[in-house]
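Sequential numbering of the sequence shown, starting at 48, is according to this note's numbering.
Beta carbons: idealized from backbone N, C-alpha and C, even for Gly.
As C-alpha cells, the structure follows; a few thoughts come after it.
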Amino acid sequence: MLKYKLFIIDDSGTTRKVIESYLRELDIEIHQYENPLTALEEVDLHDPKVILLDYRMPEINGDEFMIKLSEKLKIGESTTLLISGEDFSDDQKIGLRTLGVHKVIAKPIVKDELLEEVKALLAA
Numbered sequence: 048m049l050k051y052k053l054f055i056i057d058d059s060g061t062t063r064k065v066i067e068s069y070l071r072e073l074d075i076e077i078h079q080y081e082n083p084l085t086a087l088e089e090v091d092l093h094d095p096k097v098i099l100l101d102y103r104m105p106e107i108n109g110d111e112f113m114i115k116l117s118e119k120l121k122i123g124e125s126t127t128l129l130i131s132g133e134d135f136s137d138d139q140k141i142g143l144r145t146l147g148v149h150k151v152i153a154k155p156i157v158k159d160e161l162l163e164e165v166k167a168l169l170a171a
C-alpha cells in the first residue's frame, strides 16, 4: 500500500524537526523544505496529500505560495494547513480559505491538535 506524503514547509529547522517528531507515529512519508519555492518544484514529483505551511518565510509568504500552488494543482488534490504565530482576523482567515488553506494552526503548535487535524485530512 502506498504511503501518504506530507510536506513540512518552514524556514525554521527547529520547527520542522518538532513537527516531524509529532507526526512520527503516523504511517506517512514526510518531506521537509526550508525553501517554499523548492517545495513548489517538487509538488508534482511527490504529490503530497497534506501540506503544512509556515505563513512567514523569506522567499514568499503563505498567500503567494497558495496562489502558485493553485496554478499547479486542481482543487482537492492536496490540503494545506497554515502554521503561523500571527493572529489572523476572521476576514483574513476567509481570504486564506479562498486561496485553498484548510485551517490555520497557531504557533506554538500543540501536538494533539496537529495530529487530530492531519489524521482527519488523511482519512478524507
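Once you ignore the five residues that flank Lys-119 on each side, which residues in its own chain have a CB closer than 8 Å to its CB? Leu-87, Val-90 and Asp-91
To the nearest angstrom, how far is the alpha carbon of Ser-131 from that of Met-104? 10 Å
Judging by CA-CA distance, which residue of Glu-67, Leu-162, Val-165 and Leu-100 is the nearest neighbour of Thr-85? Leu-100
Let's see if you can read the secondary structure: which residues bound the alpha helix (DSSP H) around Ile-114? 109–119
Could you tell me which residues DSSP pairs with His-78 in its beta bridges? Phe-54
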